[in-house]
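J.:
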Amino acid sequence: MFDATSEPIIALSHIDMNFIKPSGGPLPVLAGIDVTVREGEILGLLGRSGSGKSTLLRIAGGLIKPSAGTVLYRGKPLGGPAEGIAVVFQTFALYPWLTVLENVELGLDAAGLRSDDAHRRAMSAIDLIGLDGFQSAYPRELSGGMRQRVGFARALVSDPILLLMDEPFSALDVLTAETLRTDFLDLWGAHQLATKAVLMVTHNIEEAVLMCDRILVLGANPGRIVAEIKVPLPQPRNRLDTAFHEIVDEIYAILTSRMTEAMGAQSRIHGGLVQQLPEVAATRLGGFAEALAAPPFEGRAELAQIARALTLPSNRLFPIAAALHLLEFAELEEGTIKLTAAGRVLAHSDIDGRKLLFREHLLRFVPLAAHIRQVLDERAAHAAPRERFEYELEDHLPRPEAVKTMQTAIDWARYAELFAYNDRTRTFSLDRGAA
Amino acid sequence: MEQHAEVLTGGTWRQPVPGWRDLVATLLVLGVVILIGIGTHQMVAPFAVEHQPAISLSPAALPLYTLRTVLRMLAAMSASLFFTFTYATLAAKSRRAEMVLIPILDVLQSVPILGYLSFTVAFFVALFPGNVMGPELAAIFAIFTSQAWNMAFSFYQSLRTIPTDLDEASRSFRESGWQRFWRLEVPFAMPGLVWNMMMSMSGGWFFVVASEAIAVGDLQIALPGVGSYVAKAIAQRDLAAVGWAISAMTVAILLCDQLVFRPMVTWADKFRFEQTAAQIIPRSWVLDLFRRSGLIAAVSGPLGAAIRHGARARFSILPGRTATGLLPRGVGDALWLGLASGALAYVGWAIVRHAGSALTWDDLRTATGNGALTLARVAVLVALASLIWVPIGVAVGLRPKLTARVQPVSQFLAAFPANLLFPVAVFLIVRFRLSPGIWLCPLMILGTQWYILFNVIAGASAFPSDFREVAASFRVRPWRWWREVMLPGVFPYFVTGAITASGGAWNASIVAESVSWGSTRLTAGGLGAYIARMTEAGDYPRIALGVAVMSVLVIALNRLLWRPLYAYAERRTRLD
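Going down the list, the protein sequences come from chains R and P.
Position one of the first sequence corresponds to residue 334 (this note's numbering), numbered consecutively onward.
Position one of the second sequence corresponds to residue 14 (this note's numbering), numbered consecutively onward.
Quick look at the structure:
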């Protein structure tokens, strides 16, 4: 357990991060962020994709230089990757041509140790993380869980003061992730690590509540801290605890209200044309509405509850909920989702009915789709290049988000048969049979 | 090095009791060392252009000639590797160097290789007067120019496509530039580099043979080697000697493949980036032998440790891409580009001034006219070769057993220097009084058509079997099957093969469009014949003109046809 007065390990203050727009100006992805990680705590950064949480972690690791603001590591400005800071990557980032042992030794390269010292320390890290027997294996021979253990061993072998973890469990299956999480918490709780503080990025609400002492919730566009939640529960924590549930529900409520607010704000600027669309296929929406309309929910559910019932992780649930809200098939409020009248009709229609209803809502509530359709209607050739619209989006959204939004718009429009898109020529056209 | 890891981790340390493996491995190592010693000793012997040792046509002289030919090849390969590691690294790490180096590489790549030879031989001979080193270096340099560019490109491309997560891992663990180079960059680039080295080696045999018997104007040099042996055999109309040379070269290529490349490909397999297990695991008896021999392990163990230690040393060669400087980025770039284009303008002006006095517009017209003729030939030949080899390649590639047998043969044929076979073809043309304008053309693609074959075989054998089963279960008709199933499936592979074949045909045109048999001389016209004729006459301005026209044609062909085709093939066959 930590207390708020203990020594700050790393302090990020007034961090701004801008990318460059295609038109040249700065596009903010992080604005005015203050984060302090104190000795003894696991701090979680929680947010939707595109909230800049991974960028923030890389700034703390010295891998990216912020556009503005200061990073103090143990009181001194951080100029780049520093001794005492180690990173665990979402994709493991192991060198496939090195054995487990050699990969772990990589964490000691910078120390310039004698090779037998390096070998001894690497072996003890391998031992600690439960990899003994696998030291001469190559990463491709290992399962995902074992690979991430190598990632942990490589990070821990240099006895880092600060451990940075970038969604370390999200590439693993549920069971493996749970085992590895527990193993890590055991090591941490037993004070077997030299590590004094952990900063962890995640999009999984339950994982954050399970592991962290403190959680910072990030809002998107530009990323900023919208809430700080303390988790005063003792370790090991029980998912079935009422107190645990309360915190999870609270975070769901914060995230949904942020989401609805953000969607509202986006629909007011630029006639809603630069609205970021949630990354979800149109066909999923009908299926989800059907599940929500059926018992035991009868059209209304708490997000945390339906996530558990449908075993949907929160990062998969949020886009669906956001899309239903955006298209006014459902209403999101304080962590609950409620089908609207149109949503109930959607849930009970057959395929053609669904498509018709979806098309109507798409035209009314997604200005981007309506705009493309209008341009196609007005043009004599009924065709227009994708770049034209994507370029406008990129002026307000980071490029990956702009591309994703465009892909979602195309998927929805194809489902609604609103217009056709040819990926080879990258043009939109009005559907005349062939698409 | 493999064994060393076992030694380190303890447990499997074996007492080095000599066994049959040790004996064979030791003999192999000693044999190679002794052969290299003999060959290199001769390469620094005194030499005078006026009193050259005569080339003997006796088959007994051939082993030594072959050895020297092979050594030239290996020397050029080492030089190419060194060039690759320095040039490509510089281009990948410095944005400003990249702006200049990559376009230069692009041009160098399209200059016909034999064009370099005529310009450099005089320089190298003057560099080491009275020593055979001069002409040797000129020949090695010519081979180098046939090998280095694609290797450098491949390495550069790999450096630019290092996955972000590995790059971040390397940076966050604060590897020094040196550590990063040997631990991340070279291993990541290794599979592509080894593949390109094999391609280079295949192409190199052609030029090693062509660059031994050098005749530029009055300068006549015949370096002891298979190429000079064949040149002499041609001059004396000795078909039997040509036969001996062909067999000697066959043995040399097979040995190089077994002793050098097979082990290398097998070893490089561990650098594959894909995290999944490979479908076909390359094997090499030589590597197995060395890995299992306790004696070799004991000797190479400390060596491996030293290499590892060297790779882990902490000094920095080149920092990563950083945008810090005294000047703002835009101003610095403008200055740099201005400087580079100034230098280019000066060189251009110097060439025009120099060439302008020697060349007329008529020369340009002749050269471009000849260029058009050769262009037409290359186009027809690549089309013909495709018509023949694509169906055969598909038929072979879809039968795994046949593939296992045909693929090594086609790769061997691609590596075999086709110019050794020219005398046989010329003999037949002279004998049956065929028209050289038509019958010399196939020689241009004789050596490079196999690239089409083995790439198509590779494509067809990599074609997913479920796609084939789908086509079979829906009883897709033959015409549709070709057009919509198989051809799109092998298309990217075909394009790769056709690019190599077409590039090779351009290069070969210099030796294929104009050939001789004793005193009989056959000429097919065309740009290759033009360059060959000017080289013989030592007419430097016109050699330069011919080479320049060919480079422009090759670059134009690459830009306007092959690159768009390649991009199209990549885009079309992607599923995600």
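Virtual Cβ for every residue (Gly too), placed ideally from N, Cα, C.
If I'm right that A364 of chain R touches R187 of chain P with Cβ under 8 Å, what's the distance once you round it to whole angstroms?
T.: Contact doesn't hold; Cβ gap of about 30 Å is too wide.
J.: Under a CB-based cut-off of 7 Å, is K283 of chain P close to chain R?
T.: yes
J.: Once DSSP output is grouped into helix, strand and coil, what is the label at A749 of chain R?
T.: coil
J.: Residues in the stretch 425-457 of chain R with C-beta within 7 Å of chain P's C-beta atoms, listed in sequence order?
T.: Answer in chain order: A426, Y428, P429, W430, T432, L434, L439, G440, D442, A443, G445, S448 and H452.
J.: Can you name the residues that DSSP bridges to L778 of chain R?
T.: Here chain R comprises residues numbered 334 to 768, so residue 778 of chain R is not present and cannot be evaluated.
J.: In chain R, which residues lie with their C-beta within 7 Å of the C-beta of F186 of chain P?
T.: L439, G440, D442 and A443
J.: Would you tell me roughly how many angstroms separate the C-alpha atoms of R407 of chain R and T424 of chain R, rounded to the nearest one?
T.: 28 Å
J.: Using a Cβ-Cβ cut-off of 8 Å (strictly less than) and excluding sequence neighbours within five positions of L197 of chain P, which residues of its own chain qualify?
T.: I175, L179, D180, S183 and E188
J.: On the DSSP letters alone, give me the boundaries of the beta strand (DSSP E) that L197 of chain P sits inside.
T.: Run containing L197 of chain P: none; DSSP gives neither H nor E here.
J.: In chain P, which residues lie with their C-beta within 8 Å of the C-beta of P414 of chain R?
T.: R184, S185, F186 and R187
J.: Does the distance from the C-beta atom of L127 of chain P to that of I523 of chain P stay below 7 Å?
T.: yes
J.: Using the rule of at least 16 other Cβ atoms within 10 Å of the residue's Cβ for burial, across every protein chain shown, is W362 of chain P buried or exposed?
T.: The Cβ neighbour count for W362 of chain P, taken over all protein chains shown within 10 Å, is under 16; the residue is labelled exposed.
J.: When you compare the stretch 731-741 of chain R with the stretch 680-694 of chain R, are there three or more beta-carbon pairs, one atom per stretch, that lie closer than 8 Å?
T.: no
J.: Using the Cα positions of I562 of chain R and W162 of chain P, report the straight-line distance between them to the nearest angstrom.
T.: 58 Å
J.: Terminal residues of the continuous beta strand (DSSP E) containing P436 of chain P?
T.: Unbroken run through P436 of chain P is the alpha helix (DSSP H), F435 to F445; no beta strand (DSSP E).
J.: Smallest Cα separation from A347 of chain P: which of P:V113, P:V45 and P:M86?
T.: P:V113
J.: Within 10 angstroms of its Cβ, does K529 of chain R collect 16 or more other Cβ (buried), or is it exposed?
T.: buried
J.: Might you give, ordered along the chain, the residues of its own chain that have their beta carbon closer than 7 Å to the beta carbon of A165 of chain P, omitting 5 neighbours on each side?
T.: F96, T97, Y100, A101 and L118
J.: At least one CB of chain P closer than 7 Å to the CB of D422 of chain R: is that the case?
T.: The amino acid at residue 422 of chain R is misidentified as Asp; the sequence shows Phe. F422 of chain R counts as touching chain P.
J.: What is the rounded straight-line gap between the Cα of S107 of chain P and the Cα of S241 of chain P?
T.: 43 Å
J.: Do S346 of chain R and D367 of chain R come within 7 Å of each other at the CB atom, strictly closer than that value?
T.: yes
J.: To the nearest angstrom, report how far apart W402 of chain P and L570 of chain P are at their CA atoms.
T.: 22 Å
J.: Name the chain R residues that come within less than 9 Å of L197 of chain P, Cβ to Cβ?
T.: Residues of chain R passing the Cβ test: Y428.
J.: Find the residues of chain R that neighbour P200 of chain P, judging by a C-beta separation of less than 9 Å, and give them in chain order.
T.: Y428, P429, W430 and L431
J.: Given that G394 of chain R touches chain P, what residues does it touch there, using C-beta distances under 7 Å?
T.: S185
J.: Tell me the rounded alpha-carbon separation between Y506 of chain P and N468 of chain P.
T.: 5 Å
J.: Alpha carbon to alpha carbon, how far is D465 of chain R from L360 of chain R? Give it in angstroms, no decimals.
T.: 47 Å
J.: Please work out which residues of its chain come closer than 7 Å, Cβ to Cβ, to Q420 of chain P, disregarding the five sequence neighbours upstream and downstream, and give them in chain order.
T.: If you ignore the 5 residues before and after Q420 of chain P, its C-beta comes within less than 7 Å of the C-beta of F467 and I470, all in its own chain and listed in chain order.
J.: Classify Q525 of chain R: buried if its beta carbon has 16 or more other beta carbons within 10 angstroms, exposed otherwise.
T.: exposed
J.: Closest Cβ-Cβ distance between E592 of chain P and chain R: below 7 Å?
T.: Residue 592 of chain P falls outside the range modelled here, since chain P spans only 14 to 589, and no answer is possible.
J.: Within 7 Å of any Cβ in chain R, is that where the Cβ of D178 of chain P sits?
T.: When Cβ-Cβ separations below 7 Å define contact, D178 of chain P makes contact with chain R.
J.: Between Q192 of chain P and chain R, is the shortest Cβ-Cβ distance under 7 Å, so that the two count as touching?
T.: yes
J.: Are the beta-carbon atoms of L433 of chain P and M211 of chain P separated by less than 7 Å?
T.: Going by C-beta atoms, L433 of chain P is not nearer than 7 Å to M211 of chain P.
J.: Taking buried to mean at least 16 other C-beta atoms within 10 Å of its own C-beta, is I353 of chain R buried or exposed?
T.: exposed
J.: What are the boundary residues of the beta strand (DSSP E) that E667 of chain R is part of?
T.: From DSSP, E667 of chain R is part of no beta strand (DSSP E); its letter is neither H nor E.
J.: Within the 7 Å Cβ cut-off, does A767 of chain R reach chain P?
T.: Bear in mind that a pLDDT of 40 at A767 of chain R, under 50, signals an unreliable position, so the number given afterwards is only what the model happens to contain. A767 of chain R does not count as touching chain P.
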